[in-house]
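Numbering (our numbering), first residue to last: 52 to 534.
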């Protein structure tokens, strides 16, 4: 029983001890009247605590004026926008104790003075009067005008201007952020007029400051954080020409570049531009000249600046290639193959593999003998054309007869490339008589064989030939010499 009584006494003593530690108002003291509305509320300090909370209201324990504002270890508080006049103000202080619950101290009160005059003028705190290089999206801050219960603000780009803010009532606050960004590199004039129920401060002076001018090179920008020079404009990779395939209709173009924003324009004949899209893709329906733009956003002095990269390109009609012919020549290191094409597209070339690799040049050198297939691909995606480098030549592709009589018609016997190939795919030709004697070796690039042997005309008869193609294939046949 004694132990229980002792415990209760300890708890009660602790409570009374803490109650005695609660601070009391030192300014204004409890029950004061005619207290200035801009007074600083103070109380005596208490040792061993972690911090204070202060609440202000118009009823005992009320918090409608100030709701449990932390004061830290400072035993004073100055209301930023003052206190209401001719009002009974109740003050409640709470204390943080180490390892214990918050202690709620008894409330005290005082009455503020009845304000009967308008407030005086105030001044800018941030930015200060005549400041320079001010951000265009920052907020304005001004000093509290004692007894003021509200403020009206005017902002303009001239001493009497108000095009940015025209006598706007911002209420009982000490900051204001304009609804629009301020212009760059411009002197801005600000007038703040405090008021209360008795009237306003009258004609307060206008203060001014100057907004900043962004100064940086999008291509060579020094990053003070990393210490490196960086390029702020996006790197863009876009072709000089885009083709729309025959019968395709509209073509959807999509950017693969990394950027914050995109724009696509059609360039008109009169020098103007028509905006087509502001996303990373655009639908193109007409041929002509266009401009693609990618940009990043950079902020300085509060202003948002674009660092852009741009590329003009042509949109043209495109289609699959028509392979006119394939020229083949024997070089010391192998065959040289040149693919001759026509068409409206933009073409690239490959040999033997439809999947590539493709090259821009139609000429291939150092190609081994053998059968090859040429592929021509439209870079605009309008199709792939292919053709054998050498058509399968047979003896039927050689003339059946010739008449070397000097009349200018069929005076020479020679291999003539078939019209569907267009190339001379035969490397060498030999002509024999019926006994197998060599009569002539014919150059496929010459006029042909005249029917003579050692300068003497040979008799009308059948003769035999052997031809060898670039692919080392041999062809045998015969023809008739007519006199």
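Backbone N, C-alpha and C fix where the C-beta goes; we use that ideal spot for every residue, glycine too.
Item: Opening and closing residue of the beta strand (DSSP E) in which residue 72 lies; Value: Looking at the DSSP string, residue 72 is not in any beta strand (DSSP E); the run it does join, the alpha helix (DSSP H), is 53-72.
Item: Continuous beta strand (DSSP E) stretch holding residue 350: start and end; Value: 339-351
Item: Same chain, Cβ closer than 6 Å to residue 473, neighbours up to 5 away in sequence not counted; Value: Because the pLDDT at residue 473 is just 48, under 50, the model does not fix this residue reliably, and the point stays unresolved.
Item: Residue 200: CB within 8 Å of a non-hydrogen atom of the ligand SAM; Value: Within the structure as shown, the ligand SAM is missing, as the structure has no ligands at all.
Item: For residue 364, the residue or residues it bridges with in DSSP; Value: 341
Item: Inter-residue Cα distance where the pair is residue 459 and residue 364; Value: 55 Å
Item: Proximity below 9 Å, CB of residue 306 to CB of residue 359; Value: no
Item: Residue 416 versus 369, 92 and 400, residue with shortest Cα-Cα distance; Value: 400
Item: Continuous beta strand (DSSP E) stretch holding residue 328: start and end; Value: 324-328
Item: Validate contact between the region 224-241 and the region 251-263 using beta carbons, cut 8 Å, 3 pairs; Value: yes
Item: Where the beta strand (DSSP E) containing residue 315 begins and where it ends; Value: 312-318
Item: For residue 473, the three-state DSSP class (helix, strand or coil); Value: With a pLDDT of 48 at residue 473, under the threshold of 50, the modelled position of this residue cannot be trusted; read the value that follows with caution. Residue 473: coil per DSSP, three-state reduction.
Item: Nearest residue (CA-CA) to residue 427, options 109, 453, 452 and 393; Value: 393
Item: Assigned secondary structure, residue 302 (DSSP; H/G/I helix, E/B strand, else coil); Value: strand
Item: Assigned exposure category for residue 486 - 16 Cβ within 10 Å defines buried; Value: exposed
Item: Residues sharing a beta bridge with residue 399, DSSP; Value: 428
Item: Within the region 105-173, ranges of the beta strand (DSSP E) (whole runs, at least 3 residues); Value: 117-123, 139-147 and 159-162
Item: Residue 458 - DSSP class collapsed to helix/strand/coil; Value: coil
Item: Supposed contact pair residue 226 and residue 192 - C-beta distance, whole angstroms, cut 8 Å; Value: 5 Å
Item: Straight-line gap, residue 347 to residue 332 (C-alpha atoms, nearest Å); Value: 17 Å
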